[in-house]
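Note that the sequence shown covers residues 3 to 403 in the numbering used here. Beta carbons: idealized from backbone N, C-alpha and C, even for Gly.
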Amino acid sequence: MPPVAPERINALLVAAATAVLQAPDEVYDAVDRASLSEHDPEVAADPVLLAGIKRSSRAMMIHWANCTIADPTRPVPPFTGPEMLGVTRDLVRRGLDTRALEPFRAGQNSAWQAWMEIAFALIPDPDELQQFLRLSAQKIFTYVDATNVAIAEQLGRERDALTGGTNAERLSTVMRIIEAAQIDLDRAERRLGYDLRRTHVAAVAWASDPAAEPLLDGAAGALAAATGTTALSVTASSATVWCWAAAPAEPDLRGLEQALRQLPGVRVALGSRGRGVEGFRRSHFDALATQRTVERLGSAVALARYDEIRVAALLTQDEQRARGFVEETVGALARAPRELRETLRTYLRAQSNATRAARELHTHRNTVVSRIAKAEALLPRPLEEAAIDVAVALEVLHWSR
3 MPPVAPERIN
13 ALLVAAATAV
23 LQAPDEVYDA
33 VDRASLSEHD
43 PEVAADPVLL
53 AGIKRSSRAM
63 MIHWANCTIA
73 DPTRPVPPFT
83 GPEMLGVTRD
93 LVRRGLDTRA
103 LEPFRAGQNS
113 AWQAWMEIAF
123 ALIPDPDELQ
133 QFLRLSAQKI
143 FTYVDATNVA
153 IAEQLGRERD
163 ALTGGTNAER
173 LSTVMRIIEA
183 AQIDLDRAER
193 RLGYDLRRTH
203 VAAVAWASDP
213 AAEPLLDGAA
223 GALAAATGTT
233 ALSVTASSAT
243 VWCWAAAPAE
253 PDLRGLEQAL
263 RQLPGVRVAL
273 GSRGRGVEGF
283 RRSHFDALAT
293 QRTVERLGSA
303 VALARYDEIR
313 VAALLTQDEQ
323 RARGFVEETV
333 GALARAPREL
343 RETLRTYLRA
353 QSNATRAARE
363 LHTHRNTVVS
373 RIAKAEALLP
383 RPLEEAAIDV
393 AVALEVLHWS
403 R
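Have a look at this one:
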């Protein structure tokens, strides 16, 4: 096999790396799926942590492509960008770092498959293809190995930095409570500075946009103001804060919504109220379920409550069946103006009382009655025959994109 000129191979590397930058989302999604299959299941259950890992995976591929385009003759330096640093810190904080390198190795295999497909489409000559794959394999695997070393070193630094830190101690205590481990309640209360025996409401505050992360601490203050008490907060990841507050009565939701308007990009999921250690735990799980449902449905709401969303949370576990149920139940109303759906939803939640619905919507009663009539005309079946099903379907639509 005659050797191919280095200049030709370098030109092909640049062309293939350019194709990586132009690759459709499906290519990156395949790498994400391979990586996430090797992660701890708790990672897949946390939409914010999941999004951070996807960002770091894509940034790692883009870094390699950009460096190769800039100079295909030089080794690509390991990727240590802010996306990767943030993910390693979050995994250590949550105690999910023991298998942190395995997903990157699984993702490497998927990325290599995508790279070969690009090469096969780009290089028809078998001699050029063989030499291209040999050289690019060496470059890619060297890059991934160097990045894995950098990640391992960063994990060590994060463990050292977090061990003994105030937030680390609180998070460790909170995790033991959440996992129902045996704890000394008095000692846990001293460490947290929080009474675990009272009635609580839990909240998960998160930022889908990294630019909003500096505002997350304000969510604990907003929850405290809404309950009229002090709040316990722990940083679960760079983009997520877990909070609890004493809640002898329902929080002031309107005040909380107003406070969140001062924290653009911050979103809050509230759990149900519960008493004692079990209530502390259950309210947290409810808040997490609310967060997952909001993210799964693509809702843009800044504040969601478990008590409002739990029907949608249960129904949308199977998204395909949920969509079918909604279409069969409300038909054309699903595609009608949102104000018609929201008016009928509020009317049904008010036990079919138009006056109460008008008060809730801050709208004249005649307007409510008119909208209800228009909404009913779009339903496949009369409302009186399917009121419960319609109410459930409208809940799903309310929390969907």
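Residue i versus residue j - alpha carbon distance
i      : j      : result
Asp31  : Leu15  : 23 Å
Glu85  : Ile153 : 12 Å
Asp27  : Asp188 : 51 Å
Glu344 : Gly300 : 17 Å
Arg325 : Val303 : 20 Å
Leu363 : Met177 : 40 Å
Gly273 : Leu38  : 27 Å
Met63  : Asn111 : 13 Å
Val33  : Trp114 : 9 Å
Ala1   : Leu265 : Residue 1 lies beyond the residue range present for the chain, which begins at 3 and ends at 403; the question has no answer from this structure.
Gln453 : His286 : For residue 453 there is no data in the structure shown, the boundaries of the chain being 3 and 403.
Val370 : Arg263 : 27 Å
Ile311 : Ala170 : 31 Å
Thr365 : Ala67  : 56 Å
Ala359 : Thr348 : 6 Å
Cys69  : Leu23  : 12 Å
Arg337 : Leu316 : 23 Å
Glu386 : Thr318 : 24 Å
Arg277 : Val203 : 9 Å
Thr292 : Val270 : 9 Å
Ala17  : Arg159 : 37 Å
Gln156 : Arg95  : 13 Å
Thr168 : Phe106 : 30 Å
Leu173 : Ala306 : 24 Å
Gln133 : Glu9   : 12 Å
Asn368 : Val243 : 44 Å
Lys418 : Glu181 : The structure shown does not extend to residue 418, since the chain spans only 3 to 403, so no value can be given for it.
Ile71  : Leu137 : 15 Å
Cβ shell of residue i (< 6 Å), same chain only, five flanking positions each side left out
i      : result
Gly83  : Ala61
Thr231 : Ala247, Ala248
Pro80  : Ala148, Thr149, Ala152
Ala233 : Ala222, Leu225, Ala226, Cys245, Ala247
Nearest to residue i (by Cα), restricted to the options the options
i      : options                        : result
Ala289 : Pro49, Val29, Glu28            : Pro49
Leu217 : Ala72, Leu124, Thr237          : Thr237
Ser210 : Cys245, Leu131, Arg294         : Arg294
Pro74  : Arg200, Ala13, Ile311          : Ala13
Ile55  : Ile71, Thr70, Cys69, Arg35     : Arg35
Ile125 : Thr369, Ala21, Ser239          : Ala21
Ala183 : Arg275, Ser138, Glu280, Asp147 : Glu280
Tyr308 : Ser138, Gln132, Ala205         : Ala205
Ala108 : Arg263, Pro8, Asp147           : Asp147
Ala7   : Ala25, Leu131, Val313, Asn68   : Leu131
His65  : Val45, Ala19, Leu51            : Ala19
Val45  : Gly97, Gln319, Arg275          : Gly97
Val2   : Ala17, Arg383, Ile11, Ser59    : As shown, the chain starts at 3 and ends at 403. That puts residue 2 outside it, with no answer to give.
Ala251 : Arg200, Thr242, Leu51          : Arg200
Pro128 : Ile11, Cys69, Val203, Arg358   : Ile11
Ala123 : Val398, Glu386, Ala25, Ala72   : Ala25
Ala375 : Thr357, Leu51, Leu346, Val398  : Leu346
Arg340 : Arg373, Thr168, Arg361         : Arg373
Ser402 : Gly333, Pro253, Ala314, Val94  : Ala314
Ala116 : Pro212, Val94, Ala139          : Ala139
Ser235 : Ala228, Tyr196, Pro253         : Tyr196
Pro384 : Thr229, Gly333, Arg367         : Gly333
Arg57  : Pro212, Asn368, Arg361         : Pro212
Residues near residue i by beta carbon distance below 8 Å, same chain, minus five either side
i      : result
Leu408 : Within the shown structure, residues of the chain are numbered from 3 to 403, placing residue 408 beyond reach of any answer.
Leu422 : Residue 422 lies beyond the stretch modelled for the chain, which goes from 3 to 403, so this question has no answer here.
Ile179 : Ile185, Ala190, Leu198, Val279, Phe282, Arg283
Val427 : The structure shown does not extend to residue 427, since the chain spans only 3 to 403, so no value can be given for it.
Ala47  : Leu290, Arg294
Arg275 : Thr201, His202, Val203, Ala249, Glu252, Gly281, Ser285
Thr357 : Arg367
Nonlocal neighbours in the same chain, by C-beta distance under 7 Å from residue i, ignoring five residues either side
i      : result
Thr144 : Pro77
Leu433 : Since the first residue shown for the chain is 3 and the last is 403, residue 433 is missing from the structure and cannot be characterised.
Thr175 : Ala190, Arg193, Leu194
Glu297 : Pro49
Ser240 : Gly88, Arg91, Asp92, Glu215
Thr331 : Ala388, Asp391, Val392, Ala395
Leu399 : Val328, Ala336, Arg343
Thr229 : Val203, Ala247, Ala248, Ala249, Pro253
Leu51  : Val45, Asp92, Ser239
Below-8 Å beta-carbon distance, residue i vs any chain D residue
i      : result
Arg199 : Among the chains of the structure shown, chain D does not appear; only one protein chain is present.
### Query
Hey, which unbroken runs of the beta strand (DSSP E) at 3 residues or more fall wholly within the stretch 145-221?
Counting only runs of 3 or more residues that sit fully inside the stretch 145-221, the beta strand (DSSP E) segments are 201-209, in chain order.
### Query
Are at least three pairs of beta-carbons, each pair with one atom in the stretch 254-262 and one in the stretch 207-225, less than 8 Å apart?
Taking a cut-off of 8 Å for Cβ pairs, the stretch 254-262 and the stretch 207-225 touch, as three or more such pairs fall below it.
### Task
Please list the segments of the alpha helix (DSSP H) lying wholly inside the stretch 273-334, counting only runs of 4 or more residues, in order along the chain.
List check, alpha helix (DSSP H) in window: 278-299, 308-317, 321-332.
### Query
Unbroken alpha helix (DSSP H) runs of length 4 or more, entirely within the stretch 28-74: which are they?
Complete alpha helix (DSSP H) runs here, min 4: 43-46, 49-72.
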